[in-house]
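Chemist: Per the working numbering: the sequence shown = residues 8 to 173. For every residue, glycine included, the Cβ atom is placed at its ideal position computed from N, Cα and C. A single structure is presented below for examination.
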Amino acid sequence: MPPRIPSIKLSRDFLIPRYLRRAFSSSSPTGQSKVPNDAGSPIRLPAKEVSFAAYKPILSMVNAQKQRQNATRRTTLEAIAQYGQSADLERMMTRKWKLGDVYAPHDLSPVEMRKWRIRVKPSRDPFDVLAINPIHEYKVTYSPPFETSWLLHRMTVLQLLWAQAD
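Here's what the structure looks like:
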């Protein structure tokens, strides 16, 4: 005899959504009354008058805090703007003035400042810093019209490079 498959129960379970299913019982649920209760619904409760007198000190504290934050923000933005302006002016002033130096207004012109601009010579060789041998970086960019001359030229270039490396 073939095994019995509960196909009816499977189809019924799929037809009824899980949230609508209940456990099998012939008695009514306990604690649920048949008569609706009007007082339990929050929608039907009488509206209470709300007094904002209790909230006024809190609102005044919040407003005072906002005013303090705005004042602090304004002073911070002014300080940042002032620092930016002074940094720009310092960048343009390349001459370092010492105490007791006498200068004329034309000494502050961009032309005079360019004369005093410090030219810093590099203290280290970039090839040494990067640990690169410059001879290995040379590439042959010449391409002669004939294959034999290319081979000869390439060999002569390589010989010259090897001679320089030694």
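In the structure shown, what three-state DSSP assignment does Asn140 receive?
Modeler: Coil.
Chemist: If you run the structure through DSSP and keep just helix, strand and coil, what is Arg75?
Modeler: In this structure, Arg75 counts as helix in the three-state DSSP scheme.
Chemist: With Ile139 and Leu168 assumed to form a contact (beta carbons below 8 Å), what rounded beta-carbon distance in angstroms separates them?
Modeler: That pair is no contact at about 15 Å.
Chemist: If you draw a straight line from the C-alpha of Gln171 to the C-alpha of Val164, how long is it?
Modeler: Roughly 11 Å between the two C-alpha positions.
Chemist: Straight-line CA distance for Ala62 to Arg75?
Modeler: As written in the sequence, residue 62 is Tyr, which differs from the Ala given in the question. When rounded, the distance between both Cα atoms is 20 Å.
Chemist: Grouping DSSP H, G and I as helix and E and B as strand, with all else coil, what is Phe134?
Modeler: Helix.
Chemist: Less than 8 Å between the CB atoms is what I'm expecting for Arg131 and Met120, so what's the real figure, rounded?
Modeler: Their Cβ separation, rounded to whole angstroms, is 28 Å, which puts Arg131 and Met120 out of contact at 8 Å.
Chemist: By Cβ distance, which residues of its chain are closer than 7 Å to His113, with the 5 residues on each side in sequence left out?
Modeler: For His113, where only same-chain residues beyond five positions count, the Cβ hits under 7 Å are Glu119.
Chemist: So what does DSSP say about Ile125, is it helix, strand or coil?
Modeler: Correct three-state label for Ile125: coil.
Chemist: State the DSSP-derived secondary structure class of Tyr90, mapped to helix, strand or coil.
Modeler: In this structure, Tyr90 counts as helix in the three-state DSSP scheme.
Chemist: Is Leu108 helix, strand or coil by DSSP?
Modeler: Reading off the sequence, residue 108 comes out as Asp, not Leu. Here Asp108 sits in coil by DSSP.
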